[in-house]
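Asks: After the structure tokens below, expect a handful of questions from me.
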DNA sequence: CTTTTTGTTATATCTATTATATAACAAATG
DNA sequence: CATTTGTTATATAATAGATATAACAAAAAG
């Protein structure tokens, strides 16, 4: 699974890493038990600091996506609980589209489309 | 329309104001042409600084939700264009739910439910 | 026309966040 | 034991968030 960093993005680097790993898990590319590169390895690959990667891993661990162990590196967790503010964030995002005049049906279709691109071909064990 | 500020939230104050106004527009409580309180007025009501409110209004203007004029104050705009990164933000949010094991159907139902709470009773002109 | 209100602009300060740079420590692997 | 790795600790720099004043200019109200 490839990760791309945009240093000039307004989204913090550690957040970019976090989001892409979350998406990798969602797509089924990162299955539970999958090992991720070590902090120092990832930092070297991206040419960024060790602590920036560490921050992303720490966040992912707090959110229940990863378990970080010594020497073994980070390992994808079987499951977690959805963040309590998830629905509030969804609400804000959907409100934004409604406020710009997008019909609710059109918004739903977009949700469906995005979900489809995330779940298509997600069964690598066949 | 009431706005609530949580000073201790990790979400910036100007973002809280922005989000609640956007939701107000989405719900139809703030119709195009509706005037909003002046920057100094809102700041006084919340007991916060003038520039914090100004930042929220500036953001809302850049996003096409408001038009800010002298003396008239901020006025809700008829419409705008959806931000280019909207779908990317939706993608990240939906991926988070999928990664935590929520089935796509369940996620869609939640989207539908949230949309319903935003669009119910949205026609004040009857 | 004068006064007042309002958005705008300009500094300045303070805190927190983001990112980097070193360094050292401790646990686990080979 | 030596190496790798996560962890912890400082330190620094840049940026963002919030506050505090002050002043300016446009527009409404008197």
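Residue numbers (the numbering used here), protein chains in the order written: chain U, 1 to 126; chain Y, 1001 to 1126.
For every residue, glycine included, the Cβ atom is placed at its ideal position computed from N, Cα and C.
#1: Using 8 Å as the threshold, is the region 78-87 of chain U in touch with the region 48-65 of chain U, meaning 3 or more CB pairs across them?
#2: Please confirm if residue 36 of chain U has its CB atom under 9 Å from at least one CB of chain Y.
#3: With distances taken Cα to Cα, identify the nearest neighbour of residue 1002 of chain Y among Y:1111, Y:1042 and Y:1058.
#4: Can you give, in chain order, each stretch of the beta strand (DSSP E) that sits fully within the region 1044-1122 of chain Y and has at least 3 residues?
#5: In chain Y, what lies closer than 7 Å to residue 25 of chain U by C-beta?
#6: Taking Cβ-Cβ distances below 8 Å as the criterion, which residues of the region 73-107 of chain U are in contact with chain Y?
#7: Please list the terminal residues of the continuous alpha helix (DSSP H) segment that includes residue 13 of chain U.
#8: Could you check how far apart the C-beta atoms of residue 50 of chain U and residue 1114 of chain Y are, in whole angstroms? I think they sit under 8 Å.
#9: Using a beta-carbon distance below 9 Å, is residue 68 of chain U in contact with chain Y?
#10: For a contact defined as C-beta to C-beta under 9 Å, what are the partners of residue 112 of chain U on chain Y?
#11: Apply the 10 Å Cβ neighbour rule to residue 53 of chain U and answer buried if 16 or more other Cβ atoms are within range, or exposed otherwise.
#12: Run through chain U and tell me which residues come within less than 7 Å of residue 1065 of chain Y, C-beta to C-beta.
#13: Please report the straight-line C-alpha distance between residue 126 of chain U and residue 110 of chain U, rounded to a whole angstrom.
#14: For the ligand FMN, any of its heavy atoms closer than 8 Å to the Cβ of residue 1082 of chain Y?
#15: When you compare each of U:5, U:39 and U:119 to residue 73 of chain U by their alpha carbons, which one comes out closest?
#16: Can you tell me whether residue 1024 of chain Y is buried or exposed? The criterion is at least 16 other CB atoms within 10 Å of its CB, across all chains shown.
#17: Between the Cα of residue 55 of chain U and the Cα atoms of U:121, U:11 and U:18, which residue gives the shortest distance?
#18: Compare the C-alpha of residue 1022 of chain Y against each of Y:1011, Y:1046 and Y:1076 and name the closest.
#19: Would residue 44 of chain U be called buried (16 or more neighbouring beta carbons within 10 Å of its own) or exposed?
#20: Are residue 129 of chain U and residue 1036 of chain Y close, meaning C-beta to C-beta below 9 Å?
#21: Counting only C-beta atoms, is residue 118 of chain U closer than 9 Å to chain Y at any point?
Replies: According to the structure data:
#1: At 8 Å Cβ cutoff, the stretches touch.
#2: Not closer than 9 Å to any Cβ of chain Y, the Cβ of residue 36 of chain U fails to qualify, so no.
#3: Closest in C-alpha terms to residue 1002 of chain Y, from the list Y:1111, Y:1042 and Y:1058, comes Y:1042.
#4: DSSP runs (the beta strand (DSSP E)) wholly in the region 1044-1122 of chain Y: 1066-1069 and 1073-1076.
#5: What residue 25 of chain U touches in chain Y: 1099.
#6: Taking 8 Å as the cut-off between beta carbons, the residues of the region 73-107 of chain U near chain Y are 79, 80, 81, 82, 83, 86, 87, 89, 90, 91, 92, 93, 94, 95, 96, 97, 98, 99, 100, 101, 102, 104 and 107, in sequence order.
#7: Start and end: 13-27.
#8: The C-beta distance from residue 50 of chain U to residue 1114 of chain Y rounds to 39 Å, too long to fall under 8 Å, and the pair is not in contact.
#9: Chain Y contact via Cβ: absent.
#10: Residues of chain Y with a Cβ closer than 9 Å to the Cβ of residue 112 of chain U are, in chain order, 1104, 1108 and 1111.
#11: With 16 or more Cβ atoms within 10 Å of its Cβ, residue 53 of chain U is classed as buried.
#12: Result: 99.
#13: Residue confidence is low: residue 126 of chain U scores 46 on pLDDT, short of 50, so the model does not pin down where it sits. No coordinate-derived value is stated.
#14: You won't find the ligand FMN in this model; it holds no ligand whatsoever.
#15: Nearest in C-alpha terms to residue 73 of chain U, of all of U:5, U:39 and U:119, is U:39.
#16: Here residue 1024 of chain Y is buried: its Cβ has 16 or more other Cβ atoms, across all protein chains shown, within 10 Å.
#17: Of the candidates U:121, U:11 and U:18, the one whose C-alpha sits nearest the C-alpha of residue 55 of chain U is U:18.
#18: Looking at the Cα atoms, Y:1076 is the closest of the given residues.
#19: Burial state of residue 44 of chain U is exposed, judged by a 10 Å Cβ sphere holding fewer than 16 other Cβ atoms.
#20: With chain U covering only 1 through 126, there is no way to say anything about residue 129 of chain U.
#21: Yes, residue 118 of chain U lies at the interface with chain Y (some Cβ there is under 9 Å from its Cβ).
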